[in-house]
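In the numbering used here, the protein residues as written are 139 to 679. Cβ atoms here follow ideal geometry from the backbone N, Cα and C, with glycine treated the same way.
Written out as structure tokens, the structure reads:
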């Protein structure tokens with residue numbers, strides 16, 4: 139281990155980064171979580187200092203989290219700036235940074251069972267889902283640690299007696315924001331601001347955090363007020379694993395206060411936002427005023443295009459996974475099932491039977507297959523969209539109502555047919571367990587229907603014809619296309635959308651580069667004397 143890592147780890151052991159009031163460990167068995175600023179938990183400065191975090195499966199309070207004010211955001215940004223300027227992280231070697239990122243991955247891996255339980259309690263997603271998802275998130279820190287170690291500059295072919303080399307430098311302080319209400323909440327990061335949603339609190343925070351840290355930046359995160367608890371504890375975990383104080387600050391609070399303050403802060407150098415398209419436009423406008431760069435993963439309405447040469451049973455299983463994982467609360471949910479007319483009736487019949495067998499219930503039970511909607515407000519919104527579709531002439535084949543025998547915010551998985559491409563249920567993001575199914579006649583019709591959307595994040599093609607699979611994939615207006623699958627993700631694989639689904643990419647080399655800026659150094663090695671103002675001097679070259 140490098141002296142840098144040893145020094146930071148020893149400091150973390152000698153100087154615990156929690157005060158008694160906000161001590162953190164174990165399950166949600168205490169009353170209050172503070173803000174995490176400058177390597178320790180601190181209290182918010184305002185009068186309305188607490189936000190209640192609810193368990194959507196029981197409608198009971200889990201804990202309180204401190205409610206950051208604009209002044210608290212300033213504190214967090216200032217902490218990030220001080221850390222950046224001090225250089226303990228921003229000017230550390232890539233090997234030193236990589237060692238700490240690997241320490242974070244190891245510490246996180248040891249606590250996956252604990253964090254999976256906490257994610258389940260605050261999001262209402264089944265614990266079996268969260269275990270599967272969180273088991274992989276340490277890979278993001280490991281991947282970007284390796285990428286930082288191996289990334290190289292370039293030597294462009296510069297004309298004349300010169301050598302030109304490039305190097306990548308961190309941006310500064312970045313912002314991460316988490317979406318709390320659909321299209322209205324975000325997570326921010328210092329010098330870079332990153333905005334992440336409540337549906338995957340840890341996963342999306344880590345997807346943004348790992349490349350930002352690997353590139354040497356400071357980060358300020360404003361997690362969703364609906365699911366902030368694990369992200370706050372992630373900040374503490376990172377500090378204890380060797381991340382210097384101030385490099386990762388976390389300020390839970392309301393999007394309209396803390397989120398807006400971060401988005402508009404002039405010291406933020408990059409905004410990385412995951413959330414609704416409407417909010418994305420507002421955040422982008424704020425970024426433009428301070429000339430901050432942006433990465434935006436916004437809304438989606440992913441088509442699943444199914445051709446007639448498939449195994450229908452296999453597609454039914456794949457479509458159920460695509461549509462109802464996370465109760466449909468993902469940006470790449472397979473919300474539009476576009477099926478060849480010759481197998482449409484058979485597939486829909488089998489899908490409805492499959493959907494009716496999905497077990498809703500206690501998210502902490504291993505038998506539960508689908509959990510809750512995040513909040514009462516969001517459940518009401520989902521049901522209103524379904525009702526408007528019904529009134530417009532669509533047929534609800536199953537679901538379409540709040541689960542009658544369950545206490546929490548459970549909404550039955552819903553399949554809707556008899557829709558037209560111009561209906562709201564087809565064109566607009568529902569962000570819930572609702573799929574609209576309709577048919578196509580031929581390949582050209584399938585591509586036309588799939589692309590008839592303002593969004594372009596994810597898409598899927600199901601066919602056994604390999605030529606057709608690649609041909610259609612190349613024709614779809616989407617940033618991600620799965621062939622005979624859905625939802626698959628990897629730290630090395632670019633993730634992002636086109637059209638109203640955003641700009642820029644998470645994951646992979648594209649993400650790492652987006653958190654850095656390039657410097658070009660040009661050195662002359664010629665022996666000729668040069669005087670620009672002497673007659674007949676060669677002006678260029």
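Handout entry: Reference residue 345, options 628, 635, 266, closest by Cα
Key = Taking the chain shown and counting its residues from 1, the one referred to as residue 345 is at position 207. Minimum Cα distance to residue 345 is reached at 628.
Practice task
Return yes when the Cβ of residue 571 is within less than 8 Å of the Cβ of residue 555, no when it is not.
Solution key: Along the chain shown, read from residue 1 onward, the residue named residue 555 stands at position 417. Along the chain shown, read from residue 1 onward, the residue named residue 571 stands at position 433. Cβ atoms of residue 555 and residue 571: not closer than 8 Å.
Exercise for the section: Give the straight-line distance between the Cα atoms of residue 723 and residue 224, rounded to the nearest whole angstrom. Expected result: Here the chain covers residues 139 to 679 and nothing more, so residue 723 does not appear.
Handout entry: Spatial neighbours of residue 613 in its chain, beta-carbon cut-off 6 Å, leaving aside the 5 residues before and after
Key = If you number the chain shown from 1, residue 613 lands on position 475. Cβ neighbours of residue 613 beyond the five flanking positions: 585.
Practice task
Taking all protein chains shown into account, decide if residue 685 is buried (16 or more other Cβ within 10 angstroms of its Cβ) or exposed.
Solution key: No information on residue 685 is available, as it lies outside the stretch 139 to 679 that the chain covers here.
Exercise for the section: Helix, strand or coil for residue 268, going by three-state DSSP, please let me know. Expected result: The residue given as residue 268 occupies position 130 in the chain shown. It is helical.
Exercise for the section: Using beta-carbon positions only, say whether residue 645 and residue 654 come within less than 8 Å of one another. Expected result: The count along the chain shown starts at 1 and reaches residue 645 at position 507. The count along the chain shown starts at 1 and reaches residue 654 at position 516. No, they are not a contact pair.
Handout entry: C-beta atoms of residue 207 and residue 395 nearer than 8 Å
Key = By 1-based counting over the chain shown, the position of residue 207 is 69. By 1-based counting over the chain shown, the position of residue 395 is 257. Contact: yes.
Practice task
State the start and end residues of the unbroken beta strand (DSSP E) segment that holds residue 596.
Solution key: Walking along the chain shown from the start, residue 596 turns up at place 458. Element bounds for residue 596: 596 to 600.
Handout entry: Nearest candidate by alpha-carbon position, reference residue 275, set 502, 672, 246
Key = Taking the chain shown and counting its residues from 1, the one referred to as residue 275 is at position 137. Among 502, 672, 246, the Cα nearest to that of residue 275 belongs to 246.
Exercise for the section: Could you name the residues that DSSP lists as bridge partners for residue 349? Expected result: Position 211 of the chain shown, counted from the first residue, corresponds to residue 349. DSSP output for residue 349 lists no bridge partner at all.
Handout entry: Own chain, CB closer than 6 Å to residue 665, minus 5 neighbours either side, in chain order
Key = What you label residue 665 is simply residue 527 of the chain shown in a count that begins at 1. Here the set comprises nothing.
Practice task
Please determine if the stretch 243 to 262 and the stretch 186 to 205 are in contact, where contact requires at least 3 C-beta pairs separated by less than 8 Å.
Solution key: yes
Exercise for the section: List the whole-angstrom C-beta distance separating residue 477 from residue 444, where the pair is believed to meet the contact cut-off of C-beta under 8 Å. Expected result: For the purposes of this step, residue 477 is taken as the residue at position 339 of the chain shown. For the purposes of this step, residue 444 is taken as the residue at position 306 of the chain shown. Contact holds; Cβ gap of about 5 Å.
Practice task
Quick one: which unbroken beta strand (DSSP E) runs of 3-plus residues sit fully inside the stretch 539 to 601? Chain order, please.
Solution key: Here the runs fully enclosed are 552 to 555, 572 to 578, 596 to 600.
Exercise for the section: Use the C-beta contact count for residue 663: other C-beta atoms within 10 angstroms, 16 or more gives buried, fewer gives exposed. Expected result: Taking the chain shown and counting its residues from 1, the one referred to as residue 663 is at position 525. Exposed is the label assigned to residue 663, since fewer than 16 other Cβ atoms lie within 10 Å of its Cβ.
Exercise for the section: Report buried or exposed for residue 671, applying the criterion of at least 16 other Cβ atoms within 10 angstroms of its Cβ. Expected result: Taking the first residue of the chain shown as 1, we reach residue 671 at position 533. With fewer than 16 other Cβ atoms within 10 Å, it is exposed.
Exercise for the section: Please state whether DSSP places residue 366 in a helix, a strand or coil. Expected result: Locating residue 366 in the chain shown gives position 228, where the first residue counts as 1. DSSP places residue 366 in coil when its eight states are reduced to three.
Practice task
With a threshold of 16 other CB atoms inside 10 Å of the CB of residue 484, please say whether the residue is buried or exposed.
Solution key: To locate residue 484, count along the chain shown from 1; it is residue 346. Counting Cβ neighbours within 10 Å, residue 484 comes out exposed, since fewer than 16 surround it.
Handout entry: Where residue 521 falls: helix, strand or coil (DSSP)
Key = As a position in the chain shown, residue 521 is number 383, starting the count at 1. DSSP places residue 521 in helix when its eight states are reduced to three.
Practice task
Please state if the CB of residue 361 and the CB of residue 204 are separated by a distance shorter than 8 Å.
Solution key: Sequence index remark: in the chain shown, residue 204 carries index 66 (1-based). Sequence index remark: in the chain shown, residue 361 carries index 223 (1-based). No, the pair does not count as a contact, with Cβ atoms beyond the cut-off.
Handout entry: Given residue 254 as reference, the closest of 502, 533, 544, 519 once Cα atoms are compared
Key = For this step, residue 254 is matched to residue 116 along the chain shown. Ranking 502, 533, 544, 519 by Cα distance to residue 254 puts 502 first.
Problem - Distance between residue 673 and residue 422 (C-alpha atoms, nearest Å) - result: Residue numbering aside, residue 422 sits at position 284 when the chain shown is read from its first letter. Residue numbering aside, residue 673 sits at position 535 when the chain shown is read from its first letter. If you take the alpha carbons of residue 422 and residue 673, they lie about 50 Å apart.
Practice task
Counting only the same chain and skipping the five closest in sequence on each side, list residues whose C-beta sits under 7 Å from that of residue 418.
Solution key: The residue labelled residue 418 in the question sits at position 280 within the chain shown. The answer, listed in chain order, is 411, 434, 436, 640.
Problem - Three-state secondary structure assigned by DSSP to residue 256 - result: Locating residue 256 in the chain shown gives position 118, where the first residue counts as 1. Residue 256 falls in the helix class under three-state DSSP.
Problem - As assigned by DSSP and simplified to three states, the class of residue 412 - result: For this step, residue 412 is matched to residue 274 along the chain shown. Note: residue 412 maps to strand in three-state DSSP.
Exercise for the section: Out of 340, 393, 519, 575, point me to the one whose CA is closest to residue 250's CA. Expected result: Numbered from 1 along the chain shown, position 112 holds the residue referred to as residue 250. Measuring from the Cα of residue 250, the nearest candidate turns out to be 340.
Problem - Whether residue 684 touches residue 591 by CB criterion (8 Å) - result: An answer regarding residue 684 cannot be provided, because it is not within the stretch 139 to 679 covered by the chain.
Problem - Three-state class that DSSP yields for residue 511 in the structure shown - result: Here residue 511 is taken as the residue at index 373 of the chain shown, counted from 1. If DSSP states are grouped into helix, strand and coil, residue 511 belongs with coil.
Exercise for the section: Report the rounded CA-to-CA distance for residue 608 versus residue 289, giving the unit in angstroms. Expected result: Position 470 of the chain shown, counted from the first residue, corresponds to residue 608. Position 151 of the chain shown, counted from the first residue, corresponds to residue 289. If I take the Cα positions, the gap works out to 31 Å.
Exercise for the section: Indicate the three-state DSSP secondary structure (helix, strand or coil) for residue 430 in the structure shown. Expected result: Translated into the one-based positions of the chain shown, residue 430 becomes position 292. Coil.
Practice task
Tell me, to the nearest whole angstrom, how far the beta carbon of residue 475 is from that of residue 171; I am working on the premise that it is less than 8 Å.
Solution key: On the chain shown, position 337 is the one that residue 475 refers to. On the chain shown, position 33 is the one that residue 171 refers to. In this structure residue 475 is not in contact with residue 171, their Cβ atoms being roughly 41 Å apart against a cut-off of 8 Å.
Problem - Cβ-heavy atom distance, residue 617 to the ligand HEM, below 7 Å - result: Although the ligand HEM was asked about, the structure shown includes no ligands whatsoever.
Handout entry: First through last residue of the alpha helix (DSSP H) which encompasses residue 697
Key = Only positions 139 to 679 of the chain appear in this structure, which leaves residue 697 out of reach.
Handout entry: Neighbour-count burial assignment, residue 169, 16 or more Cβ in a 10 Å radius
Key = Counting from one through the chain shown, the residue named residue 169 turns up at place 31. The residue in question, residue 169, is exposed, as its Cβ has fewer than 16 Cβ neighbours within 10 Å.
Problem - Where the alpha helix (DSSP H) containing residue 461 begins and where it ends - result: For the purposes of this step, residue 461 is identified with residue 323 of the chain shown, where counting begins at 1. Where residue 461 is concerned, the enclosing alpha helix (DSSP H) stretches over 450 to 462.
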